[in-house]
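>
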Amino acid sequence: MRHPLRATAALVLCLALAACAKSSGPAASASPTRSVIKLLPLGGLPQNAYSLGYQACTGKTPTDIAKQVGSTATDPSAVATAFARNNFDAQARPYATQGCLDALEGRPATPPSPSPSGTKSS
522 MRHPLRATAA
532 LVLCLALAAC
542 AKSSGPAASA
552 SPTRSVIKLL
562 PLGGLPQNAY
572 SLGYQACTGK
582 TPTDIAKQVG
592 STATDPSAVA
602 TAFARNNFDA
612 QARPYATQGC
622 LDALEGRPAT
632 PPSPSPSGTK
642 SS
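Basically this note's numbering = 1-based index in the sequence shown + 521.
1. So Ala605 packs on Ser592, CB below 8 Å; how close in whole Å?
2. What whole-angstrom Cβ distance do Phe609 and Ala617 have, given they're in contact under 8 Å?
3. Could you tell me the alpha carbon to alpha carbon distance between Glu626 and Pro583, rounded to whole angstroms?
4. Assuming the contact rule is C-beta atoms closer than 8 Å, Asn569 and Val590 should be a hit. Round their C-beta distance to whole Å, please.
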């Protein structure tokens, strides 16, 4: 229990690497601009996955994200789901999906609140 910050930092780094892993393929080279994902620990897994999903999808269209993840979907909800499935592990997917969907639909970022006990971060 002495190292929650270290564990959170490692989780953020892993999520960022997972989110960036797919952007280095041939589909990414066809895109003239790439998003910059800032690594700022914002809490536990829910807050960080949401924020990474939001940042990755901000300023992009559903078509842009669908191409990036190899999906034929056009509905923002389906595209956000495909994005999260392609870039996040099962625990983080719901949060990343919501973050990406909020960005695609132009809503302000609203990451989930941290749990009251603060122990449910992984």
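From the three backbone atoms N, C-alpha and C, an ideal C-beta is built for every residue, glycine too.
For this structure:
1. About 11 Å separates the two Cβ atoms, so there is no contact after all.
2. 4 Å
3. 9 Å
4. At roughly 20 Å, the Cβ-Cβ gap does not stay under 8 Å, so Asn569 and Val590 are not in contact.
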